[in-house]
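Chemist: Following this message is one structure expressed as structure tokens.
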Amino acid sequence: MKQLLLIILFLSGLQHVVAQKDSHRERLKAYKIAYLTEELNLSPKEAQSFWPLYNTFEEALNKLKKEERTLFVSFKDQSKNTSISDQEAEKIIDSYTRYDKLKFDLKNQFLIDLRKVISSKKILLYIKAEKGFNRKLMKRYRHNHSKRRQ
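Under this note's numbering, read the sequence shown as residues 1 to 150, first letter to last.
Printed below as a string of structure tokens:
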């Protein structure tokens, strides 16, 4: 009976951690949307065309990144257990370059699609805003991380 109670408590705690991660992702996504909205200053018509393209792009990019992480986690696990062969290393390098090319092609197609719905100036603003958001996020992370160390 005690074991069953411990298992139930463990699983409910695990569920809470997963919910917190999802909540954190959702807050981050909302923060990014607000940041891009403010920086781009899209008209209602532009926003109506921009956001579906952006969401599709982000979903595809996140899917690629997740696949890439899975590949490297498996590599990390392999390298801990045994020495990796040159052939296995070549496969991983080929996968890495393939993922880089896929991400590049995806970003390139997104910019091509954006040209159909917003001006080139706003596309440049988007690129600048994307980089600015990432910088701001890293700065915030470093600040919070240094606070925890103290």
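All residues carry an ideal CB built from backbone N, CA and C; glycine is no exception.
These figures come from a predicted structure and were not determined experimentally.
So, L61 versus K103, is the Cβ gap smaller than 8 Å?
Modeler: yes
Chemist: What does the alpha-carbon distance come out to for the pair K139 and S23?
Modeler: 21 Å
Chemist: Buried or exposed, going by whether 16 or more other CB atoms sit within 10 Å of the CB of Y54?
Modeler: buried
Chemist: Going by beta carbon distance, what residues of the same chain come within less than 6 Å of Y35, once the five residues before and after it are set aside?
Modeler: F133
Chemist: Under three-state DSSP, which class holds R115?
Modeler: coil
Chemist: For L42, which three-state DSSP category applies?
Modeler: coil
Chemist: According to DSSP, simplified to helix, strand and coil, what is I84?
Modeler: coil
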